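In the UniProt record's numbering, the protein residues as written are 1 to 352.
Have a look at the structure below, then the notes.
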């Protein structure tokens, strides 16, 4: 058995050291296993535990939305569980953390996962704390990784430029709705409408974000189809397998350009040119906000009680406890009408 790993029942918890075994639960409370949100350096930040060894971080245990992170020994400045980094309270059963030995981690994973077949879906939802390599080629591997700020630096100038183009084009007064059907009853679109069209684009992005996450990223590929399993892992499975690989939390600009170009073409077919561009630039801004927010939900330290704090707790639950629900990332709005909202945790009455 590997040093520093304690057997728990019939399973081995790969992140929790023996000295970090949680204390027995308080009387009259249901026993829950603390979720371990992986921290860098092969150590762990324990979420939802009421006791343990380590440095206690900012959020105290005992509320329904968050709990203290317990940081391991060593330099806390290098661990996401420390320096005020607060982990929302979530629990998960131990069977989420069996030994990870179905693939050869010394080799690129992309061409291996397709052979897992019926074991893939369970394997990909068993998180590990280690970086992932996808390709043999260093060039392709570099295209699959992105620092969070690259998304902001690449797409923000595009958003600003296209916003200026859209506004100045609308200011000419030549854009009209339904002009292809009738000129008598067509509706002029003034430049003052641009902010509202822009916001409409952002709103439509939030719906698109939900639909892509649920129906594309979380599709269950057929166990017999090597290529669909490989595609799923490339698109999203890698993120659930290694949720703290910081180089794989945002969408790389090169493949993103292909997807963004596709949606631009669709809008140009459906709407007048300038109007389609105005909706598109709002949607593009929504995408940038989404990608930045997704990174922050993994590595940021939102203040307790804030909107982002609740989103962080919600997203942690999606990764470790409710992987078939909670598909909204920048907002939980669409989870409600589509009936995929993660239920609130039970709260316990205070003891006398």
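All residues carry an ideal CB built from backbone N, CA and C; glycine is no exception.
Please read these numbers as outputs of a predicted model, since none were measured by experiment.
Span of the alpha helix (DSSP H) around residue i
i	result
residue 152	148 to 171
residue 124	120 to 124
residue 138	138 to 143
Whether residue i touches residue j by CB criterion (8 Å)
i	j	result
residue 268	residue 276	yes
residue 170	residue 189	yes
residue 265	residue 198	no
residue 241	residue 329	no
residue 253	residue 298	no
residue 167	residue 196	no
residue 342	residue 304	no
residue 286	residue 205	yes
residue 221	residue 229	yes
residue 259	residue 151	no
residue 145	residue 247	yes
residue 327	residue 239	no
residue 227	residue 300	no
residue 149	residue 334	no
Alpha-carbon spacing of residue i relative to residue j, whole angstroms
i	j	result
residue 102	residue 116	8 Å
residue 354	residue 112	Because the chain in this structure spans residues 1 to 352, residue 354 falls outside the shown range and cannot be described.
residue 33	residue 130	Any reading at residue 33 needs caution, since the residue's pLDDT is 37, under 50, leaving its predicted position unreliable; the model's value is listed next. Approximately 22 Å, taken between the alpha carbons.
residue 284	residue 157	11 Å
residue 121	residue 338	23 Å
residue 294	residue 165	29 Å
residue 128	residue 191	50 Å
residue 141	residue 223	26 Å
residue 322	residue 175	46 Å
residue 336	residue 106	42 Å
residue 160	residue 225	43 Å
residue 207	residue 325	15 Å
residue 271	residue 202	16 Å
residue 216	residue 292	21 Å
residue 319	residue 123	13 Å
residue 147	residue 289	15 Å
residue 237	residue 255	16 Å
residue 94	residue 278	Any reading at residue 94 must be qualified, since the residue scores a pLDDT of 38, below 50, and its modelled position is unreliable; no value is offered.
residue 77	residue 273	Per-residue confidence for residue 77 stands at a pLDDT of 35, beneath the threshold of 50, marking its modelled position as unreliable; no derived number is given.
residue 100	residue 119	Caution is warranted here: a pLDDT of 49 is assigned to residue 100, below 50, making its placement in the model unreliable, and no coordinate value can be reported.
residue 143	residue 315	26 Å
residue 232	residue 134	13 Å
residue 68	residue 245	Confidence is the limiting factor: at residue 68 the pLDDT is only 29, short of 50, which leaves the residue's position unreliable and the question unanswerable from this model.
residue 296	residue 263	26 Å
residue 138	residue 344	44 Å
residue 302	residue 308	6 Å
residue 172	residue 187	15 Å
residue 280	residue 153	18 Å
residue 200	residue 104	46 Å
Supposed contact pair residue j and residue i - C-beta distance, whole angstroms, cut 8 Å
i	j	result
residue 110	residue 311	Between residue 311 and residue 110 the Cβ distance is about 30 Å, and since that is not below 8 Å, they are no contact.
residue 136	residue 108	5 Å
residue 340	residue 214	7 Å
Heavy atom of the ligand NAD within 7 Å of residue i beta-carbon
i	result
residue 157	Among the components modelled here there is no ligand, and therefore nothing to report on the ligand NAD.
Runs of alpha helix (DSSP H) wholly within the UniProt domain "Fatty acid hydroxylase" (198 to 340) (minimum 4 residues, chain order): Those alpha helix (DSSP H) runs which fall completely within the UniProt domain "Fatty acid hydroxylase" (198 to 340) and span 4+ residues are 226 to 232, 238 to 241, 253 to 270, 273 to 299, 307 to 320.
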